[in-house]
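Numbered according to numbering that gives the first Met the number 0, the sequence shown spans residues 0 to 145.
Ideal Cβ placement from N, Cα and C applies to all residues, glycine included.
For reference, the structure is listed below as structure tokens.
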Amino acid sequence: MPESPGPLLDVGCGYGPIGLALAKEDSQRNVHMVDVNERALALAQKNAEVNSVSNVSIYQSSCYENVKETNFAAILSNPPIRAGKKVVHEILEKSLDHLADQGELWIVIQKKQGAPSALAKLESLFNEVEVVEKKKGYYIICAKKC
Numbered sequence: 000m001p002e003s004p005g006p007l008l009d010v011g012c013g014y015g016p017i018g019l020a021l022a023k024e025d026s027q028r029n030v031h032m033v034d035v036n037e038r039a040l041a042l043a044q045k046n047a048e049v050n051s052v053s054n055v056s057i058y059q060s061s062c063y064e065n066v067k068e069t070n071f072a073a074i075l076s077n078p079p080i081r082a083g084k085k086v087v088h089e090i091l092e093k094s095l096d097h098l099a100d101q102g103e104l105w106i107v108i109q110k111k112q113g114a115p116s117a118l119a120k121l122e123s124l125f126n127e128v129e130v131v132e133k134k135k136g137y138y139i140i141c142a143k144k145c
């Protein structure tokens with residue numbers, strides 16, 4: 000959870016585990032959750048209801064297409080394996096347009112899904128990039144907008 004105040008954005012939220020867990024942890028923070036898949040969004044909405052999480056806005060968007068806010072404290076994404084390099088790089092590149100100053104981009108990505116390529120891309124976009132964890136083929140990467 001980023002220390003700076005402000006809303007969070009979960010890009011490619013799927014059925015909602017990341018966004019809903021963060022929203023439940025901090026009920027004062029609004030969490031936006033977007034996905035291109037309508038079925039995933041319906042499941043995320045159902046999971047929000049079942050878990051009594053009300054501080055979320057769940058809506059359809061291909062990457063940032065329908066995201067109007069531009070001051071997120073953090074953007075989080077665990078891109079689907081089928082997303083491909085083009086979509087992953089779009090998530091990384093366009094995050095800069097939606098992050099507040101000092102905002103953080105958090106990515107969970109598999110090595111076989113292109114973690115080394117994503118890391119190199121992040122290092123070309125952000126001044127501060129850290130591999131927070133590398134375990135069993137998964138990378139957790141944080142990039143900070145300075």
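With a Cβ-Cβ cutoff of 9 Å, do residue i and residue j count as a contact?
i	j	result
Glu103	Lys135	no
Val107	Tyr137	yes
Val66	Pro78	no
Asp96	Gln59	no
Gly18	Ala99	no
Ile90	Gln109	no
Would you mind sorting residue i into buried or exposed? The rule is 16 or more other CB atoms within 10 Å of its CB.
i	result
Gln112	buried
Val52	buried
Ser94	buried
Ala119	exposed
DSSP three-state call for residue i: helix, strand or coil?
i	result
Gly102	strand
Leu75	strand
His31	strand
Val130	strand
Val52	coil
Lys110	helix
Val10	strand
Lys143	strand
Determine the extent of the alpha helix (DSSP H) in which residue i is found, giving its start and end residues.
i	result
Lys23	16-24
Lys93	83-94
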